[in-house]
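Residue numbers (the numbering used here): 145 to 546. These notes concern the structure reproduced below.
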Ligand SMILES: [Zn+2]
Ligand SMILES: [Zn+2]
């Protein structure tokens, strides 16, 4: 299922649809720099606005929104005597869930506003953008695919909420309370970095498994890849098990193995939301706050142009699996330069050190290793799960720092 496809070539009809002239055959690569494109006029019978919205992020689906309100409300009404001693109070965890939900929606709207307001930052050039495909939404998905996503949005809301309620009530300190021993700024920073690299490790191997195991690709992860031209609303539009699995092997295992205290925990969750939305935003600029921080200060930054390339058809399906902190793609040999490989494209301005090294090495073939066999590719996450369970057992069922 992983195969290389040729890049889509610009056509005169496609260019006309976006109000652009067809480039002359003698155009130099640099003439493609910062291509602006406009959207085709609205059809005579426009589709409903909710057809273009994510049920989770953009409240396009009333049932999903009511479900989310219901699940957030549950936290406020948990009887205090059911809450483990070193966890957040019901009011605190309810306010945290509410704040995260509001932040996610606001940041999604912000990222999409930036995409439409600043066309120069868009990652994909006009010639390869799929918006002209009639009948599809802004992300290249047809009506049947949109309906499938609404159903999975609903299942994601239910399964993620149930997971969070179970973790809150059964794992003491998973949602850290205010009574924890105060940490210095240096300790918080060190724990935050280690926690995020561990989270990224779990999610790297889950993502790789979802691509290389045919059953997982066909029945689970291909749903997320309906979107060939991501916008931030695509972020959580997955099969419900994709979202659930990521929550377990990412944030859950990381919080048990390298726990964060209350302020760091809240910052980490909101930063992670921002990073996920930016990764799918379809643009690279300083408005990608989480990625601009990574680009400036972190090695192996994984930028929107990497994940955008990952979504384009199947041509990158073996590569760039990492989320935040692309170190794991570098370590395990699956890093590629993504859109920064193409000189003159907008993403070239955001090429990382590693992108430049990879570009200098030239085209690299698709290489599969023994780790891409169905048994081996899930082993790292199985090992993480065993380590998390063992640590919980050692600590008497609580999340402890030791
Ligand atoms: Zn993928
Ligand atoms: Zn994605």
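Ideal placement from N, C-alpha and C gives every residue a C-beta, glycine not left out.
query: Of the listed residues 493, 446, 483, nearest to residue 471 (C-alpha basis); result: 446
query: Close-in-space but distant-in-sequence residues of the same chain around residue 190 (CB under 6 Å, 5 per side omitted); result: Below a pLDDT of 50, predicted positions are generally treated as unreliable, and residue 190, at 47, falls in that range; no measurement from the model is reported.
query: Endpoints, alpha helix (DSSP H) assigned at residue 441; result: 433-441
query: Beta-carbon separation (whole angstroms), residue 452 vs residue 524, contact threshold 8 Å; result: 26 Å between Cβ atoms; not a contact.
query: One or two residues paired with residue 542 in a DSSP bridge; result: 316
query: Alpha carbon of residue 355 to alpha carbon of residue 385, nearest angstrom; result: 14 Å
query: Rounded Cβ spacing between residue 414 and residue 244 (contact assumed at less than 8 Å); result: 7 Å
query: Chain-order list of residues whose beta-carbon lies under 7 Å from that of residue 402 (same chain, five-residue window excluded); result: 335, 338, 339, 342
query: Exposed unless 16 or more other CB atoms sit within 10 angstroms - verdict on residue 468; result: buried
query: Among 253, 512, 206, 405, nearest to residue 543 - alpha-carbon criterion; result: 405
query: Residue 480 versus residue 501 - alpha carbon distance; result: 10 Å
query: CB of residue 382 within 8 Å of CB of residue 294, strictly; result: no
query: Three-state secondary structure assigned by DSSP to residue 231; result: strand
query: C-alpha gap between residue 254 and residue 242, whole angstroms; result: 18 Å
query: Nearest-angstrom Cα separation, counted from residue 400 out to residue 537; result: 11 Å
query: Stretch-stretch touch, CB-based, cutoff 8 Å, three pairs: the region 359-372 with the region 433-443; result: no
query: Coil, strand or helix - residue 103 by DSSP; result: Look at the range of the chain in this structure, 145 to 546, and you will see that residue 103 is not part of it.
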